[in-house]
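Visitor: Below is the structure I would like to discuss, written out as C-alpha cells.
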Amino acid sequence: MSFRGMIGAAVLALLASSAATIAAEQSRSAPKKLTLAAADAPVLSEAAKDMIPVAGRGQISQFGELTRLTFDMSQSVAVTAFVLTDPKRVIVDLPEVSFASDPLKERPASPAKPGQSTAQPNGKTGVILTYRSGLFAQGKSRIVIDLAEPARISRAVVEKKDDHQGFRLVVELALTDPATFAKEASLSQQSMAKAAPTTPAQKPSGSESKPLAESKPLVVLDPGHGGIDAGAHGADSILEKDIVFEFAKTLAARLRQEGKYRVLLTRNQDVFVPLAERVRIARSAGADLFLSIHADILSDGSGVSGATIYTMSDRASDAQAARVAEKENMSDTFAGLDSKEERGGINDILFDLARRETRRYSQHFSNTLADYLKDHMRLNKNPQRSAGFQVLKAPDVPSALLEIGYLSNDKDLVQMRSSQWREQATASAARAIDSFFTSRGPAEPAKMPTASPKGGQANGVAPVLQ
Ligand SMILES: [Zn+2]
1 MSFRGMIGAA VLALLASSAA TIAAEQSRSA PKKLTLAAAD APVLSEAAKD MIPVAGRGQI
61 SQFGELTRLT FDMSQSVAVT AFVLTDPKRV IVDLPEVSFA SDPLKERPAS PAKPGQSTAQ
121 PNGKTGVILT YRSGLFAQGK SRIVIDLAEP ARISRAVVEK KDDHQGFRLV VELALTDPAT
181 FAKEASLSQQ SMAKAAPTTP AQKPSGSESK PLAESKPLVV LDPGHGGIDA GAHGADSILE
241 KDIVFEFAKT LAARLRQEGK YRVLLTRNQD VFVPLAERVR IARSAGADLF LSIHADILSD
301 GSGVSGATIY TMSDRASDAQ AARVAEKENM SDTFAGLDSK EERGGINDIL FDLARRETRR
361 YSQHFSNTLA DYLKDHMRLN KNPQRSAGFQ VLKAPDVPSA LLEIGYLSND KDLVQMRSSQ
421 WREQATASAA RAIDSFFTSR GPAEPAKMPT ASPKGGQANG VAPVLQ
C-alpha cells in the first residue's frame, strides 16, 4: 500500500470515529443563573435551590498562623482541595458555581502569569499571593490560589454561617515547610486524574445532511483561554479570553454564512479547555485547518503593536516568539493543571513524514493569512514567526496561532474592542482561508490515526504528541 493509501485508510477510520463522536454530542441547555446584587448571599427560596449556586466576593483574612479565603454561598456544595507545586498553588474544585465577582477585574493591568502578579492591590496576605476563579469544565468550577509560601490546607468546607443566614465556603491555609508541601503536592497528582476536564466542542455546522467523507473542509477555530484561565489582562478590565472569543465567533459566523466550510469552535462559552484537549478536538473531528486566536500583552512595550501569525517550530524564530509561546503554554498551569508536559508515543517515520508535510501547509497558510490580513489589520513589524506552541502540535492538521494585537497598545486595544474592525478583520481572515483551500488544491496533508481516547491518558487529558 502506498503512503497515500495508508493515509487514506487512516482518514476513513478517523472519519468514522469522528462521526460517532459528533453524533454522541448533545446540546446542553444552559442552566438558569442566579445573580446577586450585593456580595452577601440572601436567604434563598426553595425554588432557587435548583439553580446554579452563587458565590459572593472572595475575602482574604489572616488569623495568626492561618490565612483564610472565604466566599458567601447561596447554598452548600461539595468541596475538594489539594496542593500543587511549580508554581505553588492550592486548587479548590467545586460543582458549577457562579462567581458574583471576578478578582481579575479588580486589579491593575498586568501580564497574567501565575506566581508573578498579585490579585490583591496591596500584595500578599498571609500565605496567599493571589487567586482566581471560574469555570474549569462543563459543570465544574475551580478556584486556584497562588501561594507566596508553602502551605497546608487545614480546612476546605462549606459551612452554615454563624447567623444561619446562608452558607460560607472557607479555605483555611497554614504555613508549612517546603518538604511537607512537596510531599503533599506529589500526592495531589493522583487527585488531578479525577478532576481533569473534558469539554465537548460545539458540533460543526454546515454539514448536517451530507456524509462526512464528501463534505466541505472543516475549519476549527480555537478562541484562546476561557473560564478560570483569563489569559492576558489589559486596561479597563479587558480580558484576552473575552476579546478572542468575540473574534472567533464573528469569524465562525462569517465562514458559516459563506457555506463553503464546516466550522467548529473548541469552546463556545466562557470555559477552560486544556491545550491538549484543543488539539484533540481538532484531530478527532478531522480538521482541515486549525486557527488558534489570541491577543498579546507586553508589560513594558506599549509602542509594540499589530497582529502576528505564529506557526509551530522546534526552535523559536526569535526571542519574542519564544516569549509568546512560553506565555501561551502556561495556560494549563494557570488553570491549576499539573505543569508536567505529556509526551505521546508516536515517533515513527510515518509520523515524521506527516508532520513535515503538515508544517509546509501551516507555513503556506501563515503566508496567505499575512498577505490578506494586511488590508484591514495592522501587522506587527515582523508578522510571521514560529515557536513551540503546545496548541499547534497536531501532526496532521495545518495549524496557526493568530495574535490579533496587543492589549498593552492603546491603538490595538481600541481596534480589538470595535465591532466594525472585527467585521473587517474577520472578512480578511475568511478570504485568506478561501485562498488557502483554493491554492491547496485537491491534495491534503496526511492524516494520522488519533490516539485512543482511553489509551495513554494522564490526568484524564488526551496526550500531546511530540
Ligand atoms: Zn493567549
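Quick note: the sequence shown, position 345, residue 345 per our numbering, numbers continuous. Cβ coordinates follow ideal geometry from the N, Cα and C atoms, glycine included. All figures in this text were calculated on a predicted structure; none of them were measured in a lab.
From which residue to which residue does the alpha helix (DSSP H) around Asp371 run?
Guide: In the sequence shown, the residue the question calls residue 371 occupies position 371. It spans 349 to 373 - the alpha helix (DSSP H) in which Asp371 sits, taken as one unbroken run.
Visitor: For Val244, report the span of its alpha helix (DSSP H) as first-last.
Guide: By one-based count along the sequence shown, residue 244 stands at place 244. That run of the alpha helix (DSSP H) goes 240 to 258.
Visitor: Leaving out five residues before and five after Ala81 in sequence, what residues of the same chain have Cβ atoms less than 8 angstroms from its Cβ?
Guide: Here residue 81 corresponds to residue number 81 of the sequence shown, with the count starting at 1. The answer, listed in chain order, is Val90, Ile91, Val92, Asp93, Ile153, Ala156, Val171.
Visitor: Short of 8 angstroms in beta carbon distance, which residues of its chain neighbour Ala23, apart from the five on each side in sequence? Order them along the chain.
Guide: Here residue 23 corresponds to residue number 23 of the sequence shown, with the count starting at 1. No answer about Ala23 holds up, because its pLDDT of 31 lies below 50 and its placement is not dependable.
Visitor: Taking 8 angstroms as the cut-off, is the C-beta of Glu240 nearer than that to any heavy atom in ligand 1?
Guide: One-based indexing of the sequence shown puts residue 240 at position 240. Checking the Cβ of Glu240 against ligand 1 gives yes.
Visitor: Using a Cβ-Cβ cutoff of less than 7 angstroms, which residues in the same chain neighbour Ile297 once the five nearest sequence positions on both sides are dropped?
Guide: Taking the sequence shown and counting its residues from 1, the one referred to as residue 297 is at position 297. If we look at Ile297 and ignore the five residues flanking it on each side, its Cβ neighbours are Pro111, Ala232, Gly234, Tyr406, Leu407, Ser408.
Visitor: Could you tell me if Ala78 is buried or exposed, where buried requires 16 or more neighbouring beta carbons within 10 angstroms of its beta carbon?
Guide: Reading the sequence shown from its first residue, position 78 is the one you call residue 78. Burial call: exposed.
Visitor: Relative to the alpha-carbon of Leu289, which residue among Thr308, Gly259, Pro274, Leu392 has its alpha-carbon at the smallest distance?
Guide: Along the sequence shown, read from residue 1 onward, the residue named residue 289 stands at position 289. It is Leu392.
Visitor: From which residue to which residue does the alpha helix (DSSP H) around Arg283 run?
Guide: Looking up residue 283 in the sequence shown gives position 283. In this chain, the alpha helix (DSSP H) harbouring Arg283 covers 275 to 284.
Visitor: Ends of the alpha helix (DSSP H) at Glu326?
Guide: Translated into the one-based positions of the sequence shown, residue 326 becomes position 326. Counting along the chain, the alpha helix (DSSP H) containing Glu326 begins and ends at 319 to 328.
Visitor: Just tell me which of Ala307, Gln75, Ala319, Asp352 has its CA closest to the CA of Pro375.
Guide: Here residue 375 is taken as the residue at index 375 of the sequence shown, counted from 1. Reading off the sequence shown, one finds Asp at residue 375, where the question assumed Pro. Asp375 has its Cα closest to that of Ala307, out of Ala307, Gln75, Ala319, Asp352.
Visitor: Identify every residue that forms a DSSP beta bridge with Met312.
Guide: For this step, residue 312 is matched to residue 312 along the sequence shown. DSSP, once it has assigned bridges, lists Ala387 as partnering Met312.
Visitor: Tell me, to the nearest whole angstrom, how far the beta carbon of Phe136 is from that of Ile228; I am working on the premise that it is less than 8 angstroms.
Guide: By 1-based counting over the sequence shown, the position of residue 136 is 136. By 1-based counting over the sequence shown, the position of residue 228 is 228. Contact flag correct, Cβ pair sits at about 5 angstroms.
Visitor: What does DSSP give as the partner residue(s) for Ser399 in the beta ladder?
Guide: Here the question's residue 399 lines up with position 399 in the sequence shown. Note: Ser399 sits in a beta bridge opposite Phe290.
Visitor: Any heavy atom of ligand 1 closer than 8 angstroms to the CB of Ala232?
Guide: Here the question's residue 232 lines up with position 232 in the sequence shown. Ala232: yes, Cβ under 8 angstroms from ligand 1.
Visitor: Could you check the C-alpha separation between Gln59 and Thr125 for me, to the nearest Å?
Guide: Taking the sequence shown and counting its residues from 1, the one referred to as residue 59 is at position 59. Taking the sequence shown and counting its residues from 1, the one referred to as residue 125 is at position 125. In a straight line, the C-alpha of Gln59 is about 11 angstroms away from that of Thr125.
Visitor: Taking just the CA atoms, how far does Arg431 sit from Arg359?
Guide: If you number the sequence shown from 1, residue 359 lands on position 359. If you number the sequence shown from 1, residue 431 lands on position 431. Taking the straight line joining both Cα atoms gives about 21 angstroms.
Visitor: In angstroms with no decimal places, state the Cα-to-Cα distance between Thr311 and Leu350.
Guide: The residue labelled residue 311 in the question sits at position 311 within the sequence shown. The residue labelled residue 350 in the question sits at position 350 within the sequence shown. Rounded to whole angstroms, Thr311 to Leu350 spans 21 angstroms at the Cα level.
Visitor: Report the rounded CA-to-CA distance for Asp163 versus Val83, giving the unit in angstroms.
Guide: The count along the sequence shown starts at 1 and reaches residue 163 at position 163. The count along the sequence shown starts at 1 and reaches residue 83 at position 83. About 31 angstroms.
Visitor: Determine the direct distance from the alpha carbon of Ala285 to that of Asp434, and round the result to whole angstroms.
Guide: Taking the sequence shown and counting its residues from 1, one reaches residue 434 at position 434. Taking the sequence shown and counting its residues from 1, one reaches residue 285 at position 285. C-alpha separation (whole angstroms): 20 angstroms.
Visitor: State the DSSP-derived secondary structure class of Met377, mapped to helix, strand or coil.
Guide: Position 377 of the sequence shown holds residue 377. Met377 falls in the coil class under three-state DSSP.
Visitor: From Lys160 to Gly56, what distance separates their C-alpha atoms?
Guide: Sequence index remark: in the sequence shown, residue 160 carries index 160 (1-based). Sequence index remark: in the sequence shown, residue 56 carries index 56 (1-based). Looking at the two C-alpha atoms, the distance is approximately 15 angstroms.
Visitor: CA-CA distance, Ser439 and Ile145?
Guide: For the purposes of this step, residue 439 is taken as the residue at position 439 of the sequence shown. For the purposes of this step, residue 145 is taken as the residue at position 145 of the sequence shown. So the alpha carbons of these two residues sit roughly 49 angstroms apart.
Visitor: Under DSSP, the alpha helix (DSSP H) around Ser428 begins and ends at which residues?
Guide: Here residue 428 refers to the residue found at position 428 of the sequence shown. Here the alpha helix (DSSP H) through Ser428 covers 419 to 440.
Visitor: Tell me whether the beta-carbon of Val263 lies closer than 9 angstroms to the beta-carbon of Leu218.
Guide: Along the sequence shown, one-based indexing puts residue 263 at 263. Along the sequence shown, one-based indexing puts residue 218 at 218. Taking 9 angstroms as the Cβ cut-off, Val263 and Leu218 qualify as a contacting pair.
Visitor: Quick check: what's the CA-CA separation for Ala427 versus Glu258?
Guide: As a first step, residue 427 is located in the sequence shown; it is residue number 427 there, counting from the start. As a first step, residue 258 is located in the sequence shown; it is residue number 258 there, counting from the start. Distance between the alpha carbons of Ala427 and Glu258: 11 angstroms.
Visitor: Is it right to say Thr176 is buried, meaning 16 or more other beta carbons lie within 10 angstroms of its own, or is it exposed?
Guide: Start at 1 with the first residue of the sequence shown, and residue 176 comes out as number 176. With 16 or more Cβ atoms within 10 Å of its Cβ, Thr176 is classed as buried.
Visitor: Leu66 and Ala174: beta carbons closer than 9 angstroms?
Guide: Stepping through the sequence shown from its first residue, residue 66 is reached at position 66. Stepping through the sequence shown from its first residue, residue 174 is reached at position 174. A contact, by the Cβ cut-off of 9 angstroms.
Visitor: For Ile128, which option in Gln62, Leu275, Pro223 has the closest C-alpha, if you only look at C-alpha atoms?
Guide: Taking the first residue of the sequence shown as 1, we reach residue 128 at position 128. Comparing Cα positions, the closest option is Gln62.
Visitor: Does the distance from the C-beta atom of Pro274 to that of Ala335 stay below 9 angstroms?
Guide: Position 274 of the sequence shown, counting from 1, holds the residue named residue 274. Position 335 of the sequence shown, counting from 1, holds the residue named residue 335. Yes. Within cutoff.
Visitor: For the candidate residues Arg283, Leu221, Arg267, Lys241, whose alpha-carbon lies nearest to that of Arg256?
Guide: Taking the sequence shown and counting its residues from 1, one reaches residue 256 at position 256. Nearest to Arg256 by alpha-carbon distance, out of Arg283, Leu221, Arg267, Lys241, is Leu221.
Visitor: Work out the CA separation of Gln424 and Leu328 for me, nearest whole Å.
Guide: For the purposes of this step, residue 328 is identified with residue 328 of the sequence shown, where counting begins at 1. For the purposes of this step, residue 424 is identified with residue 424 of the sequence shown, where counting begins at 1. In the sequence as displayed, the identity of residue 328 is Glu instead of Leu. So the two alpha carbons sit approximately 26 angstroms from each other.
Visitor: Among the residues of its own chain, which have a CB less than 8 angstroms from the CB of Ala400, if the five just before and after it don't count?
Guide: Counting from one through the sequence shown, the residue named residue 400 turns up at place 400. Same-chain partners within the cutoff: Phe290, Leu291, Ser292, Ile309, Tyr310, Thr311, Ser362, Phe365, Ser366, Leu369, Leu392.
Visitor: Taking all protein chains shown into account, decide if Val414 is buried (16 or more other Cβ within 10 angstroms of its Cβ) or exposed.
Guide: By 1-based counting over the sequence shown, the position of residue 414 is 414. So Val414 ends up on the exposed side.
Visitor: How about Thr266 and Ala185: do their beta carbons lie closer than 9 angstroms?
Guide: Indexing the sequence shown from 1 puts residue 266 at position 266. Indexing the sequence shown from 1 puts residue 185 at position 185. Contact flag unset, no.
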